[in-house]
Amino acid sequence: MGDPGSDSEAPSSIGPGELALVSLVTVRGPSMVPSLRHGDRLLARRVRSATRVRAGAVVLAAWPQRPELLAVKRVVRLVPGGYWVEGDNPHGSDDSR
């Protein structure tokens, strides 16, 4: 897997730091083309329970190896201990594949 952080910049919190329920993020890289493009801005909403995340949802994924980096990905399915996530662009995405 390459550099997962290349898909988004660190979120700019709208609320009080770690307690923010909504964050503004900017897409970096081609992994979500054609749905999202480099430079698109998104509002990310924190969910209270990971069980509320369903297949097909677009999420900010943190990688266990580098949790400080976030990547915009689509949830494909639940797997033991987390999710299988992929970018919409199969030729330009570092993801679970």
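In case it helps, our numbering puts the sequence shown at residues 13 to 109.
Backbone N, C-alpha and C define an ideal beta-carbon position, used for all residues, glycine too.
Computed from a predicted structure; not experimentally measured.
Can you name the start and end residues of the beta strand (DSSP E) that residue i belongs to?
i: GLY99; result: Segment: none, GLY99 is in no beta strand (DSSP E) and carries neither H nor E.
i: ARG86; result: 78-91
i: THR38; result: 34-38
How about residue i and residue j: are their beta carbons less than 8 Å apart?
i: VAL39; j: LEU33; result: no
i: GLY104; j: ARG86; result: no
i: SER43; j: GLY99; result: yes
i: VAL97; j: VAL71; result: yes
i: VAL37; j: ASN101; result: no
i: SER35; j: ALA62; result: no
Pick helix, strand or coil for residue i, following the three-state DSSP scheme.
i: ARG58; result: coil
i: SER108; result: coil
i: ARG64; result: helix
i: GLY94; result: strand
i: LEU48; result: coil
i: ALA74; result: strand
i: SER20; result: At SER20, the pLDDT of 48 sits below 50, so the modelled position is not reliable and the matter cannot be decided from this model.
For my contact list, residue i and residue j are in at a C-beta cut-off of 8 Å; report their separation, rounded to the angstrom.
i: LEU54; j: VAL91; result: Incorrect: roughly 24 Å between the Cβ atoms, too far for contact.
Do residue i and the ligand GDP come close, with the Cβ less than 7 Å from some heavy atom?
i: PRO76; result: With respect to the ligand GDP, the structure offers nothing, as it holds no ligand at all.
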